[in-house]
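See structure below.
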Amino acid sequence: MIFNQLKFYFYLFIYSKLKHTKLMTQNMKSPNNGFLGNIAKYLMLSFNKFVINDSVKKLNIQKNDTIIEIGSGNGQAIDKMLRLTNKKITSIEVSEKFRSELIKKFKNKNVTFFSNDAKDLNNIIKKNSFDKLLAVNVVYFLNPIAAYANEFYRILKTDGKGLLACKFDGIKKFNDSTAPNKNLNDIIKVFEHAGFKVNTEFVDSNNEQEKYHAIFIRKVQNDKQ
Ligand SMILES: C[S@@+](CC[C@H](N)C(=O)[O-])C[C@H]1O[C@@H](n2cnc3c(N)ncnc32)[C@H](O)[C@@H]1O
Numbered sequence: 001m002i003f004n005q006l007k008f009y010f011y012l013f014i015y016s017k018l019k020h021t022k023l024m025t026q027n028m029k030s031p032n033n034g035f036l037g038n039i040a041k042y043l044m045l046s047f048n049k050f051v052i053n054d055s056v057k058k059l060n061i062q063k064n065d066t067i068i069e070i071g072s073g074n075g076q077a078i079d080k081m082l083r084l085t086n087k088k089i090t091s092i093e094v095s096e097k098f099r100s101e102l103i104k105k106f107k108n109k110n111v112t113f114f115s116n117d118a119k120d121l122n123n124i125i126k127k128n129s130f131d132k133l134l135a136v137n138v139v140y141f142l143n144p145i146a147a148y149a150n151e152f153y154r155i156l157k158t159d160g161k162g163l164l165a166c167k168f169d170g171i172k173k174f175n176d177s178t179a180p181n182k183n184l185n186d187i188i189k190v191f192e193h194a195g196f197k198v199n200t201e202f203v204d205s206n207n208e209q210e211k212y213h214a215i216f217i218r219k220v221q222n223d224k225q
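For the sequence shown, our numbering begins at 1 and goes up steadily by one.
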């Protein structure tokens, strides 16, 4: 117990000193197998628990919903969503470290993992496939974000809904070249341009790790289809 607390504070200290660096931001984007990758993975487990639980609730999942999650990380959202839908969940996870652990953790569960970059899922996912899309702490890293917005539009069904959860306060010191999307209004414009109706909600909290913006996207029919 005390060892775990010491480990947490030690990791937090290193993270606070390095989070502006390209290397630490890259590990927050997609952890590698080294020391910083372990720190990123460990901190995400506790930092993101509230936001993940709250986002899954806000996504209002129904028993028949087909769901895709972009950037499943430690799999905390998958755990919740498996209890809410009867359909197979699709998880896109580019980090080999995360993916290999997810595959072990969810062996024999109704979820399929893909290693593809979410920018182009054409070879694995047909258009109009999903009712719901979830991406928690992912949007900052997507580059160019317009390509991802177009792909999310393609794979969602008409009237399909997505929730992009973003902790903009927590990531403002992240390295800009690895995490270029830090501005809520710019992100909204990109998703509107891709054809989504966009709404946002700010979830406030005294706990820095629990504050976040929920960006709701809904695919509306347009002349692209
Ligand atoms: C900060 S982690 C968040 C993980 C988890 N959603 C959470 O909140 O704890 C970012 C996640 O996005 C994934 N990711 C980053 N860039 C991606 C891309 N281009 N396509 C798909 N996934 C990506 C990473 O592998 C990682 O799982």
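A virtual CB, placed ideally from N, CA and C, is assigned to each residue, including glycine.
Unbroken stretches of the beta strand (DSSP E), 3 residues or longer, contained in the stretch 99 to 180: 111 to 114, 130 to 136 and 156 to 166
By the DSSP assignment, the alpha helix (DSSP H) with residue 245 in it spans what residues? Coverage of the chain is limited to positions 1 through 225, which leaves residue 245 absent and any answer about it impossible.
Using 7 Å as the cut-off, classify the Cβ of residue 71 as near or not near the heavy atoms of ligand 1, replying yes or no. yes
With DSSP as the reference, label residue 90 as helix, strand or coil. strand
Heavy atom of ligand 1 within 7 Å of residue 142 beta-carbon: yes
Beta strand (DSSP E) runs wholly inside the stretch 37 to 81, at least 3 long, in chain order: 67 to 70
Which residue or residues does DSSP assign as beta-bridge partners of residue 197? 218
Which residue marks the beginning of the alpha helix (DSSP H) containing residue 29, and which one marks its end? 22 to 29
Using beta-carbon positions only, say whether residue 102 and residue 75 come within less than 8 Å of one another. yes
Here's the rule: buried if 16 or more other CB atoms are within 10 angstroms of the residue's CB, otherwise exposed. What is residue 148? buried
With distances taken between CB atoms, is the gap from residue 69 to residue 163 smaller than 8 Å? no
May I ask you to list the residues that DSSP assigns as paired with residue 202? 213
What is the DSSP secondary structure of residue 184, counted as helix, strand or coil? helix
Let me know if residue 181 comes out buried or exposed under the rule of 16 or more other beta-carbons within 10 Å of its beta-carbon. buried
Are residue 106 and residue 67 closer than 8 Å when you measure CB to CB? no
Whole angstroms are fine: how far does the CA of residue 61 sit from the CA of residue 175? 34 Å
Note down, in chain order, each residue of its chain lying with its Cβ closer than 8 Å to the Cβ of residue 99, except the 5 sequence neighbours on either side. 93, 113 and 115
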